[in-house]
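**Student:**
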Amino acid sequence: LGVRSAFDFRGLEERAAGVCVVKEIAVHPLPIEPTVVAALRAELARGTLTASVALDLMRESYRNYVRHNTHSFRSLFGHLLEDRAPLVIHCTAGKDRTGFASALILHALGVPDDVIAEDYLLTNRHYKRDASNASDLPADVLDAIGRVEASYLAAAFEAVGNEYGDLETYLRDGLKLGATERAALKARYLQSEAAAPGER
Numbered sequence: 374l375g376v377r378s379a380f381d382f383r384g385l386e387e388r389a390a391g392v393c394v395v396k397e398i399a400v401h402p403l404p405i406e407p408t409v410v411a412a413l414r415a416e417l418a419r420g421t422l423t424a425s426v427a428l429d430l431m432r433e434s435y436r437n438y439v440r441h442n443t444h445s446f447r448s449l450f451g452h453l454l455e456d457r458a459p460l461v462i463h464c465t466a467g468k469d470r471t472g473f474a475s476a477l478i479l480h481a482l483g484v485p486d487d488v489i490a491e492d493y494l495l496t497n498r499h500y501k502r503d504a505s506n507a508s509d510l511p512a513d514v515l516d517a518i519g520r521v522e523a524s525y526l527a528a529a530f531e532a533v534g535n536e537y538g539d540l541e542t543y544l545r546d547g548l549k550l551g552a553t554e555r556a557a558l559k560a561r562y563l564q565s566e567a568a569a570p571g572e573r
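Numbering (the working numbering), first residue to last: 374 to 573.
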């Protein structure tokens, strides 16, 4: 694929446990520390953990991407504007931090909301959870955190509305994507439907 850059949303301990060793790939850490599993274990210790609680914690983690981690997503777009393609964006599972980042990219490119939602939910068809990860948690809780829900992404955009008023303002003020930057992204990452296979 000729990947040149990797943008890594994993936290410090996650990155230490798995380092990219492909020297041709420039790795750019954009750390967002995982909080859900620790919160789930705290609920388990209190005897209050249910699948419903797990769903609520997942939604809250998505809200926190906006409240506390906008700087990491802003940095990602700064790199994207430098035209480092082909590139990889990832976290540990590749579905939550990466899923929200991917949704933001698609929004910035002008992709329709229904297409973005469909793309996000593809995780449930293609993602296979690591059975050894957080295996001390109940099966129904693992199921809740091992998939994506439309309500997770909706929670993030709810936080966008609460913190910034609307998505366009978040893109402009939170992620520093004005009209010039968004036009540059579209020029670099969109292609014509009529493009020949060899031109893609």
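Built from N, CA and C at the ideal position, the CB exists for glycine as well.
Quick caveat: nothing in here was measured; it's all calculated off a predicted structure.
Return helix, strand or coil for Asp429, following the three-state DSSP convention.
**Tutor:** It is helical.
**Student:** Grouping DSSP H, G and I as helix and E and B as strand, with all else coil, what is Asp574?
**Tutor:** The chain is shown from 374 up to 573; residue 574 falls before or after that span and cannot be answered.
**Student:** Where do the ends of the alpha helix (DSSP H) carrying Val409 lie?
**Tutor:** Element bounds for Val409: 409–419.
**Student:** Is the segment 480–499 touching the segment 398–417, taking contact as three or more C-beta pairs under 8 Å?
**Tutor:** Touching, no, given that fewer than three Cβ pairs across the two stretches are closer than 8 Å.
**Student:** Would you please state the rounded distance, in angstroms, between the beta carbons of Glu554 and Leu403? I believe it to be under 8 Å.
**Tutor:** Not really, about 18 Å apart at Cβ, beyond 8 Å.
**Student:** List the residues that DSSP assigns as beta-bridge partners of Ser434.
**Tutor:** Note: Ser434 sits in no beta bridge, so no partner.
**Student:** Using DSSP's beta-bridge definition, name the partner residues of Leu460.
**Tutor:** Ser378.
**Student:** If contact is defined by three or more beta carbon pairs under 8 Å, each pair taking one atom from either stretch, is the segment 390–404 in contact with the segment 439–455?
**Tutor:** Yes: at least three Cβ pairs fall under 8 Å.
**Student:** Determine the extent of the beta strand (DSSP E) in which Ala399 is found, giving its start and end residues.
**Tutor:** Run containing Ala399: 399–402, per the beta strand (DSSP E) assignment.
**Student:** Grab me the residues of Val376's own chain with a C-beta within less than 7 Å of its C-beta, minus the 5 sequence neighbours each way, in chain order.
**Tutor:** So the qualifying residues of the chain are Ile398, Pro459, Leu460, Val461.
**Student:** In three-state terms, what does DSSP make of Asp487?
**Tutor:** Three-state result, Asp487: helix.
**Student:** Between Leu563 and the rest of its own chain, which residues show a CB-CB distance below 7 Å, the 5 nearest in sequence each way excluded?
**Tutor:** Counting only Cβ-Cβ distances below 7 Å, and skipping sequence neighbours, we find Leu482.
**Student:** Note the first and the last residue of the continuous alpha helix (DSSP H) segment covering Ala552.
**Tutor:** Per DSSP, Ala552 belongs to the alpha helix (DSSP H) from 552–562.
**Student:** Using only CA atoms, which one of Ala490, Ile478, Ala389 lies nearest to Ala557?
**Tutor:** Nearest C-alpha to Ala557: Ile478.
**Student:** Within 8 Å, do at least three Cβ pairs link the segment 510–519 to the segment 534–552?
**Tutor:** The segment 534–552 vs the segment 510–519: no contact.
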